[in-house]
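Written out below as structure tokens is the structure these notes cover.
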Amino acid sequence: MENERSRGLTPPCALCVCCFGRGGSSLLWHFLGSSPDVWMMDREWHESCIKPPILRRACKRILRLGYMHELGLGNRKVDRIVRSHVRACVIGNLNSDPMLFHDDAKFAAIKLMDYFLSWHQSVLASMDGGVRVVLLRGPLAQCESLIRSGLTVSEACRWYNDVAHRMSLILNFPDTYSIRFEDLLLRPKPVLEDLFAELEISLPDNFVAKSKPFGNARRGNVNVSSAPMVSIPRDSLSGFLDAENEAKAVMRLDRNSRDQILEKTRNAAAGLGYS
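According to the working numbering, the sequence shown holds residues 2 to 276 in order.
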């Protein structure tokens, strides 16, 4: 670790952003990465650590079936190899953009999504521990986003239930913090100030985010890696975010879809505090 630090390659600990895909995580990830105490990865964890898309799909299916949750946690040779691989991938993928380059940071912000949440303990173990920030979101707007990406109502509900269940388990771990995406949109400055205080990381004067389409303007699985970066003064966050984003998402659903989603996700949503 000392050699890595002296060469400016990695912060000492992980900050795992545990989130839904298509759930607003890019905003939080970049906001956290705006702190001088945080050095975020350039790409999402699964894209950096599991290179071939066919292998990522296979891992997702295996995790969905409930297998391999403990991979990388034991003392077997395969576990040590996994931890070494994850660490090397995180170190090799830390963001080099001048707006997000923080080589003396104390955390590496790692975006861990959907079924890959099952490996949050392994990721932390590979990076000498750290903390988790769970980004919660209610079922209606989240499922609407998944439906726009091509899923049916039933498929979106199953996805929400599976991921919400994993999130509810993570919330029981120590060194875990959570915020609601809805609160971030409505009250971005106080929500971020509270979160940064809990994490004991410095607030930046300007937050960084990717400029990308939202709502009706965003369809399919949009890759935002090439989207331009924008700088937002701390007092101007409310002007950058759309406080009505969630209400607009719900209104894009017809009444029958809304009723189905609320019924099918009732228990999982309650586990995250949504009723």
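Where is the CB? At the ideal position from N, CA and C, for every residue including glycine.
| message | Mapping the DSSP letters down to three states, classify ASN207 as helix, strand or coil. | response | By 1-based counting over the sequence shown, the position of residue 207 is 206. Three-state DSSP puts ASN207 in a strand.
| message | For a test of the three-state rule: what should DSSP assign to LYS112, helix, strand or coil? | response | Residue 112 sits at position 111 when you count from the first residue of the sequence shown. In the structure shown, LYS112 sits in a strand (DSSP, three-state: E or B).
| Three-state secondary structure (DSSP) at ILE55? | As a position in the sequence shown, residue 55 is number 54, starting the count at 1. Reduced to three states, the DSSP call for ILE55 is helix.
| Under three-state DSSP, which class holds PRO276? | Looking up residue 276 in the sequence shown gives position 275. A quick correction: the sequence has Ser, not Pro, at residue 276. Residue state, collapsed to three classes: coil.
| request: Have a look at ARG77 and GLU71 and give me their C-alpha separation to the nearest angstrom. | output: As a first step, residue 77 must be located in the sequence shown, where it is residue number 76. As a first step, residue 71 must be located in the sequence shown, where it is residue number 70. Looking at the two C-alpha atoms, the distance is approximately 11 Å.
| message | Tell me whether the segment 50 to 68 and the segment 186 to 203 touch, counting them as touching only if at least three CB pairs, one residue from each stretch, are closer than 8 Å. | response | no
| message | Taking only three categories from DSSP, how would you classify PRO140? | response | Locating residue 140 in the sequence shown gives position 139, counting from the first residue. Three-state result, PRO140: helix.
| field | Among ILE63, PRO191 and GLY139, nearest to LEU273 - alpha-carbon criterion | value | Counted from its first residue, the sequence shown places residue 273 at position 272. Of ILE63, PRO191 and GLY139, the residue nearest in Cα terms is GLY139.
| field | Rounded straight-line distance, which links the Cα of MET41 to that of LYS107 | value | Here residue 107 refers to the residue found at position 106 when the sequence shown is read from its first residue. Here residue 41 refers to the residue found at position 40 when the sequence shown is read from its first residue. Those two C-alpha atoms are separated by around 11 Å.
| From SER237 to HIS103, what distance separates their C-alpha atoms? | For this step, residue 237 is matched to residue 236 along the sequence shown. For this step, residue 103 is matched to residue 102 along the sequence shown. Spanning the two alpha carbons is a distance of roughly 23 Å.
| request: Give every residue of the same chain whose Cβ lies closer than 7 Å to the Cβ of ARG88, excluding the five residues on either side of it in the sequence, and list them in chain order. | output: The count along the sequence shown starts at 1 and reaches residue 88 at position 87. Cβ within range, chain order: SER127 and MET128.
| task | Return the first residue and the last residue of the alpha helix (DSSP H) that ALA250 is part of. | result | Reading the sequence shown from its first residue, position 249 is the one you call residue 250. Element bounds for ALA250: 246 to 252.
| Burial state of SER212, where buried means 16 or more other Cβ atoms lie within 10 Å | Here residue 212 refers to the residue found at position 211 when the sequence shown is read from its first residue. It counts as exposed.
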